[in-house]
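One structure below.
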Amino acid sequence: MESHESLKSYKNRLDDALDNRFLRQAMDKFAVAYRASRENAFACMDVADLIQQVADIKAAAIADSKALLDRFVKKAKAHGVHVHLADTAEDANRIIGEIAQKSGSKKIVKSKSMTAEEIHLNRWLENLGLEVTETDLGEWIVQLRKEGPSHMVMPAIHLSRFQVADLFSDVTGTDQDAEIDRLVKVARKELREKFVEADMGITGANYALADTGTIGIATNEGNARLVTTLPKIHVALVGIDKLLPTLADALTVNRILPKNATGQAITSYVTWITGPSECTTTPSGKREMHIVFLDNGRKKIAADPVFSQVLQCVRCGACANVCPVYRMVGGHQMGHIYIGAIGLITTYFFHGMENAKNLVQNCTNCGACKAVCAGGIDLPHLIKEIHTRIQDEAGHPLQSLLLGKVLKSRKLFHSLLRTAHLAQKPLLDKKEKPYLRHLPMIFSSDHNFRRLPAIADVPFRDRFIKLHQPAKNPGFTIALFSGCVQDFVYPEHLEAAMKGFAQHNIHVTFPMGQSCCGLPAVSMGEKSAARDVALQNLDAIDLDKVDYIVTLCASCASHLTHGVPKLLKDYAPEKAAAFADKVIPYSVFMNDIVGIASDVSAGADVGRKTAFHSPCHLCRGLGVHNTPHELIEKSGNQYVPAVEEETCCGFGGSFSTTFPAVSNEILTRKLDDVTESGADLLVTECPGCVLQLRGGAAKQGRKFTVCHLSELLYPPMEH
Amino acid sequence: MVNTTTGRKKDDSAAVFTQKASLVSAFVHDVKDRTGAMDKTLELLAQKPPLDPQMASGKKRDPSEKILAAPNLDHDGFQQLSDQCRAFPHIHLIRDRLRNFPGGIDMGVTTADFGIADTGTLVINSNDEQTRLATMLCEVHVAILAVSDIRETALSMTKELEILVRQKGSYTAFVTGASRTADIERVLAIGVHGPLELHIILVEEK
Numbered sequence: 000m001e002s003h004e005s006l007k008s009y010k011n012r013l014d015d016a017l018d019n020r021f022l023r024q025a026m027d028k029f030a031v032a033y034r035a036s037r038e039n040a041f042a043c044m045d046v047a048d049l050i051q052q053v054a055d056i057k058a059a060a061i062a063d064s065k066a067l068l069d070r071f072v073k074k075a076k077a078h079g080v081h082v083h084l085a086d087t088a089e090d091a092n093r094i095i096g097e098i099a100q101k102s103g104s105k106k107i108v109k110s111k112s113m114t115a116e117e118i119h120l121n122r123w124l125e126n127l128g129l130e131v132t133e134t135d136l137g138e139w140i141v142q143l144r145k146e147g148p149s150h151m152v153m154p155a156i157h158l159s160r161f162q163v164a165d166l167f168s169d170v171t172g173t174d175q176d177a178e179i180d181r182l183v184k185v186a187r188k189e190l191r192e193k194f195v196e197a198d199m200g201i202t203g204a205n206y207a208l209a210d211t212g213t214i215g216i217a218t219n220e221g222n223a224r225l226v227t228t229l230p231k232i233h234v235a236l237v238g239i240d241k242l243l244p245t246l247a248d249a250l251t252v253n254r255i256l257p258k259n260a261t262g263q264a265i266t267s268y269v270t271w272i273t274g275p276s277e278c279t280t281t282p283s284g285k286r287e288m289h290i291v292f293l294d295n296g297r298k299k300i301a302a303d304p305v306f307s308q309v310l311q312c313v314r315c316g317a318c319a320n321v322c323p324v325y326r327m328v329g330g331h332q333m334g335h336i337y338i339g340a341i342g343l344i345t346t347y348f349f350h351g352m353e354n355a356k357n358l359v360q361n362c363t364n365c366g367a368c369k370a371v372c373a374g375g376i377d378l379p380h381l382i383k384e385i386h387t388r389i390q391d392e393a394g395h396p397l398q399s400l401l402l403g404k405v406l407k408s409r410k411l412f413h414s415l416l417r418t419a420h421l422a423q424k425p426l427l428d429k430k431e432k433p434y435l436r437h438l439p440m441i442f443s444s445d446h447n448f449r450r451l452p453a454i455a456d457v458p459f460r461d462r463f464i465k466l467h468q469p470a471k472n473p474g475f476t477i478a479l480f481s482g483c484v485q486d487f488v489y490p491e492h493l494e495a496a497m498k499g500f501a502q503h504n505i506h507v508t509f510p511m512g513q514s515c516c517g518l519p520a521v522s523m524g525e526k527s528a529a530r531d532v533a534l535q536n537l538d539a540i541d542l543d544k545v546d547y548i549v550t551l552c553a554s555c556a557s558h559l560t561h562g563v564p565k566l567l568k569d570y571a572p573e574k575a576a577a578f579a580d581k582v583i584p585y586s587v588f589m590n591d592i593v594g595i596a597s598d599v600s601a602g603a604d605v606g607r608k609t610a611f612h613s614p615c616h617l618c619r620g621l622g623v624h625n626t627p628h629e630l631i632e633k634s635g636n637q638y639v640p641a642v643e644e645e646t647c648c649g650f651g652g653s654f655s656t657t658f659p660a661v662s663n664e665i666l667t668r669k670l671d672d673v674t675e676s677g678a679d680l681l682v683t684e685c686p687g688c689v690l691q692l693r694g695g696a697a698k699q700g701r702k703f704t705v706c707h708l709s710e711l712l713y714p715p716m717e718h
Numbered sequence: 000m001v002n003t004t005t006g007r008k009k010d011d012s013a014a015v016f017t018q019k020a021s022l023v024s025a026f027v028h029d030v031k032d033r034t035g036a037m038d039k040t041l042e043l044l045a046q047k048p049p050l051d052p053q054m055a056s057g058k059k060r061d062p063s064e065k066i067l068a069a070p071n072l073d074h075d076g077f078q079q080l081s082d083q084c085r086a087f088p089h090i091h092l093i094r095d096r097l098r099n100f101p102g103g104i105d106m107g108v109t110t111a112d113f114g115i116a117d118t119g120t121l122v123i124n125s126n127d128e129q130t131r132l133a134t135m136l137c138e139v140h141v142a143i144l145a146v147s148d149i150r151e152t153a154l155s156m157t158k159e160l161e162i163l164v165r166q167k168g169s170y171t172a173f174v175t176g177a178s179r180t181a182d183i184e185r186v187l188a189i190g191v192h193g194p195l196e197l198h199i200i201l202v203e204e205k
């Protein structure tokens, strides 16, 4: 992976990965199976509470890392351990190389260590003429193939048994059957001699306990036990982020790590080593033990108020396991060394901006990673922060800069949308009004995977006056926050909702000063533009005069609730919090606040099998799961669950235009899932999802139709 | 899982331990006392298929011979096992110099210091190299655990664990099931670099 890869070359790699049928099938199976096994492992446990405990333990340890390191070093030295502190990757490599050379070691066995991968330790040692053998099965396989791991916990997940059989046939010089049990036994046999002959063993560590000077290593295969027992020398390479005060802390983290990683209650082995243990082949009767603590940017991260939480990572790999993009393209395309959401962030810190700049854009911002993170890290938020940081350092691309500039001025933005409406006229499909027939020039052909809707003749803001019916003694007064897509592309979603509001005597205001919610700017790394529009929206709505700010766009709702207070924490924290407090998604407002009963509109279609696509920002962003199902039933239709109802549709705003090929694959998987549910109709609660799903369903000729929840509840009369 | 011979209740920690250990393919056997444990060990050894040597050992061995390592049994325990072994002609019982058997040993029998019920885990003080090697190089690991040494969770026994872990030169092992991998196509395979099988003998009387 060269360090100056262009976005184009990166996209080519993504295309190759998308064409890899084995990878796609393996990843798909894994994504579904993982969810079930994780759920099973955590059965009867309060996962949120456990995650909070881990987050608290790790956060406290990060804040106290200097003192913990001092305490550890003192203890370990007293046990007879040689402790080394490495500021950089090169320092660590040099230290370990010198330990090998000074001791006259020739052969080294290693158990799996992502930290060793981080610093490219094998390459360094091999350049010194040392023989290094990875002994974890997956790591050995990728080492033999001269690749890096494609998953933090399952390094060879991208390979089939047939590929492994071919590889092992080459290695052993005998034909090997592609039978997994037999292949595992080949590794057992081939590696045994390596263990026995090794002069030195290298491991990582999952935990470093300051109170006792102990390291803890969690493994399944038993290789780390041999690595730390047979050779005369043991070197443990440990990131300073692995320091914890006590055994109890480590035991708490270990309650979640294996469950999150592989759905196991605990790994087969957890090994606690406190100083040099007995070794019968040395004159002293003790092994020579070294611990190399690695900084490599960690202290800088720890001191950063925004990013310090990155070090709460326990390296379980769950963020990759649930990532819709990882599922499509695999680990080599979803990380530099560290894989998955955490990899998108740490690559910038450990391996530099050049390696991070493309990766960091490859995120749909679906929040699936955040929902499972063992360390409670706000991964999607930090990915956007990194994106912003990279753009601030390297310069903002023209497209993103323009977006930022345009968004800052609502009038300019809206007049551009109106102009675009006129410009698209020659392109409109005459027979089917709502879609653009040909894409404008700025899009290349691979954006053509879904049919794009046209910009509406009259935006909602110009229709509102006519629709507006002041309510007498209203039950509630609301500000309707339209978001740009519904205002200018899907005003009919809002029109449908207006019917319902009128039926239930709700007084609706439409503050004309409202602008984009700002999420698209955040997505493109334009944080200052996002802040500007957030302030504009705060000014536009008089909070004293409304009970709720209702929006039919789940992305807007989630961003206004969580994103805006974050953006404005140094600008208008109280007002932003009060604003966020009033924001409510449409489904929750109608079902839980207004409390609509079985509410079938006259002439509406009923009895249809109706699946729901839960927008990421609704289920994970706002914690709304079942409310829309109730509304579907109340509309007189039958809710049918789709297995992956809460999996991202692949829209992700600018994601779908930056990585159309990946977006299309996520979309197709989504539509397959809906087809499998047997639904006639697919309902969702976000105009971005409607754009993606309706456009994709039309393009692919799917048998179901797609609509917004408001259109289901209050369909237009003429239909 | 209710045990009819011992009459244990479903929720007692030995029952939970048995259930959780079984979930990770460990075999749990209930016996009354130490003699029962030794009998069970030798019965398992008798049933065991011949060793599949992982590499050539120093000297040629009789293929019908079975190597049984029992490094951490106390003096009386080892003596008892040794006596009981006499009934079986092909057992080669050892307690040290396990490095001489890099290709593998048939069975390692060790005592376990504790059991952890909620994960079916054994805690084994492995400070001594022979204990470590016995549990790593064997094809079948037999661990003898007293019912009274079973605790509910690792966190609930932190103090006892700390006593083990904080010693200079401590090598404390949590062992849960046999060694395993899912590195090829995520298919579970038992027996990678460690034991192919784990048997736990629960002893009622210590």
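Chains A and B, in that order, give the protein sequences. For the first sequence, position 390 (counting from the first letter as 1) is numbered 389 according to numbering that gives the first Met the number 0, and the numbering increases by one without interruption. For the second sequence, position 66 (counting from the first letter as 1) is numbered 65 according to numbering that gives the first Met the number 0, and the numbering increases by one without interruption. Ideal placement from N, C-alpha and C gives every residue a C-beta, glycine not left out.
Throw me the rounded Cβ distance for the A:S554 and A:P490 pair, which I believe falls under 8 angstroms.
In the first sequence, counting from the first residue as 1, residue 554 of chain A sits at position 555. In the first sequence, counting from the first residue as 1, residue 490 of chain A sits at position 491. In fact, because the Cβ distance is near 17 angstroms, the residues do not count as touching under 8 angstroms.
Taking the C-alpha atoms as reference points, what is the distance between A:E196 and A:G128?
As a position in the first sequence, residue 196 of chain A is number 197, starting the count at 1. As a position in the first sequence, residue 128 of chain A is number 129, starting the count at 1. In a straight line, the C-alpha of A:E196 is about 16 angstroms away from that of A:G128.
Is the CB-CB distance between A:H612 and A:E644 below 8 angstroms?
The count along the first sequence starts at 1 and reaches residue 612 of chain A at position 613. The count along the first sequence starts at 1 and reaches residue 644 of chain A at position 645. In terms of Cβ geometry, A:H612 and A:E644 form a close pair [threshold 8 angstroms].
From what residue to what residue does the beta strand (DSSP E) around A:C648 run?
Residue 648 of chain A sits at position 649 when you count from the first residue of the first sequence. Run containing A:C648: none; DSSP gives neither H nor E here.
Environment of B:Y170 [buried if 16+ CB atoms lie within 10 Å]
Numbered from its first residue, the second sequence carries residue 170 of chain B at position 171. For B:Y170, the number of other beta carbons within 10 angstroms of its own is at least 16, and it is reported as buried.
Does B:I162 pass the burial test, meaning 16 or more other C-beta atoms within 10 Å, or should it be called exposed?
Taking the first residue of the second sequence as position 1, residue 162 of chain B is located at position 163. Burial call: exposed.
For chain A, check one thing: does any of its Cβ atoms lie closer than 8 angstroms to the Cβ of B:M135?
Here residue 135 of chain B is taken as the residue at index 136 of the second sequence, counted from 1. Against chain A, the CB of B:M135 has a partner CB under 8 angstroms away; the residue lies at that interface.
Since B:R179 sits in a beta bridge, which residues does DSSP pair it with?
Position 180 of the second sequence holds residue 179 of chain B. Answer is B:I189, bridged to B:R179.
Closest residue to A:G594 among A:G620, A:A579 and A:F475 (Cα-Cα distance):
On the first sequence, residue 594 of chain A is found 595 positions in, with the first residue counted as 1. When only C-alpha atoms are compared, the closest one is A:F475.
Nearest-angstrom Cα separation, counted from A:L143 out to A:V605
The residue you call residue 605 of chain A lines up with position 606 of the first sequence. The residue you call residue 143 of chain A lines up with position 144 of the first sequence. Answer to the nearest angstrom: the Cα atoms are 60 angstroms apart.
Please work out which residues of its chain come closer than 6 angstroms, Cβ to Cβ, to A:V72, disregarding the five sequence neighbours upstream and downstream, and give them in chain order.
By one-based count along the first sequence, residue 72 of chain A stands at place 73. Counting only Cβ-Cβ distances below 6 angstroms, and skipping sequence neighbours, we find V82.
Near-chain B residues of the stretch 222-254 of chain A (beta-carbon distance less than 7 angstroms), N- to C-terminal order:
N222, R224, L225, T228, L246, A247, L250 and T251
Quick one: what does DSSP say A:C315 is sitting in, helix, strand or coil?
Within the first sequence, residue 315 of chain A is the residue found at index 316, counting from 1. Three-state result, A:C315: coil.
Starting from A:F292, trace the beta strand (DSSP E) both ways and give me its first and last residue.
Numbered from 1 along the first sequence, position 293 holds the residue referred to as residue 292 of chain A. E287 to L293 is the span of the beta strand (DSSP E), which, as asked, contains A:F292.
Decide if A:H3 is buried, meaning its Cβ has at least 16 other Cβ atoms within 10 Å, or exposed.
Start at 1 with the first residue of the first sequence, and residue 3 of chain A comes out as number 4. Its Cβ having fewer than 16 others within 10 Å, A:H3 is exposed.
Using beta carbons (cut-off 8 angstroms, strictly below), is B:T120 in contact with chain A?
As a working note, residue 120 of chain B is residue 121 in the second sequence. Yes, B:T120 lies at the interface with chain A (some Cβ there is under 8 angstroms from its Cβ).
Establish whether the CB of B:E161 and some CB of chain A are separated by less than 8 angstroms.
As a first step, residue 161 of chain B must be located in the second sequence, where it is residue number 162. Output row for B:E161: interface = yes.
DSSP three-state call for A:P473: helix, strand or coil?
As a working mapping, residue 473 of chain A is identified with position 474 in the first sequence. A:P473: coil per DSSP, three-state reduction.
Counting contacts by CB-CB distance shorter than 8 angstroms, is A:L293 in contact with chain B?
Looking up residue 293 of chain A in the first sequence gives position 294. Answer no: the Cβ-Cβ gap between A:L293 and chain B never drops below 8 angstroms.
Is it the case that the Cβ atoms of A:V53 and A:I255 are separated by a distance below 8 angstroms?
Translated into positions along the first sequence, residue 53 of chain A becomes position 54. Translated into positions along the first sequence, residue 255 of chain A becomes position 256. Contact flag set, yes.
Ordered list of alpha helix (DSSP H) runs contained in the stretch 57-140 of chain B, each at least 4 residues
74-84 and 128-136
Hey, quick one: how far does the beta strand (DSSP E) through A:A217 stretch, first residue to last?
In the first sequence, counting from the first residue as 1, residue 217 of chain A sits at position 218. Note, A:A217: beta strand (DSSP E), T213 to T218.
Which runs of the alpha helix (DSSP H) spanning at least 4 residues fall entirely within the stretch 447-531 of chain A, listed in chain order?
459-466, 482-487, 490-502 and 518-522
How far does the alpha helix (DSSP H) with A:C615 in it reach, from first residue to last?
Residue 615 of chain A sits at position 616 when you count from the first residue of the first sequence. Start and end: C615 to C618.
Quick check on A:I477: buried or exposed, where buried means 16 or more other Cβ atoms within 10 Å of its Cβ?
The sequence position of residue 477 of chain A within the first sequence is 478, counting from 1. Within a 10 Å sphere around the beta-carbon of A:I477 sit 16 or more other beta-carbons, which makes this residue buried.
Closest Cβ-Cβ distance between B:H192 and chain A: below 8 angstroms?
Within the second sequence, residue 192 of chain B is the residue found at index 193, counting from 1. Under the Cβ distance rule, B:H192 counts among the residues neighbouring chain A, one pair being separated by less than 8 angstroms.
Does the distance from the CB of B:L97 to the CB of B:A111 come in under 8 angstroms?
For this step, residue 97 of chain B is matched to residue 98 along the second sequence. For this step, residue 111 of chain B is matched to residue 112 along the second sequence. Taking 8 angstroms as the Cβ cut-off, B:L97 and B:A111 do not qualify as a contacting pair.
What are the partner residues of A:I272, as DSSP defines its beta bridges?
In the first sequence, residue 272 of chain A corresponds to position 273, counting from 1. BP columns for A:I272 point to A:I214 and B:Y170.
Using 8 angstroms as the Cβ pair cut-off and three pairs as the minimum, do the stretch 171-191 of chain A and the stretch 189-203 of chain B touch?
yes
For A:I140, the three-state DSSP class (helix, strand or coil):
One-based indexing of the first sequence puts residue 140 of chain A at position 141. Look at A:I140 here: in three-state DSSP terms it is helix.
Mind checking whether A:L343 and A:L358 have CB atoms under 8 angstroms apart?
Locating residue 343 of chain A in the first sequence gives position 344, counting from the first residue. Locating residue 358 of chain A in the first sequence gives position 359, counting from the first residue. Yes, these two residues count as a Cβ contact at 8 angstroms.
With a cut-off of 8 angstroms, does the C-beta of A:P584 fall near any C-beta of chain B?
Position 585 of the first sequence holds residue 584 of chain A. Chain B contact via Cβ: absent.
Is the CB-CB distance between B:V23 and B:G176 below 8 angstroms?
Here residue 23 of chain B is taken as the residue at index 24 of the second sequence, counted from 1. Here residue 176 of chain B is taken as the residue at index 177 of the second sequence, counted from 1. For B:V23 and B:G176, yes; Cβs fall inside 8 angstroms.
At the 8 angstroms Cβ level, is A:T261 part of the contact set with chain B, yes or no?
Taking the first residue of the first sequence as 1, we reach residue 261 of chain A at position 262. Closer than 8 angstroms: yes.
Can you tell me whether A:N625 is buried or exposed, with buried defined as 16 or more other CB within 10 angstroms of its CB?
As a working note, residue 625 of chain A is residue 626 in the first sequence. When all chains shown are included, A:N625 counts as exposed.
Can you have a look at A:I441 and say buried or exposed, based on whether 16 or more other CB atoms are within 10 angstroms of its CB?
Counted from its first residue, the first sequence places residue 441 of chain A at position 442. With a pLDDT of only 49 at A:I441, under the threshold of 50, the placement of this residue in the model should not be trusted, and no figure is reported.
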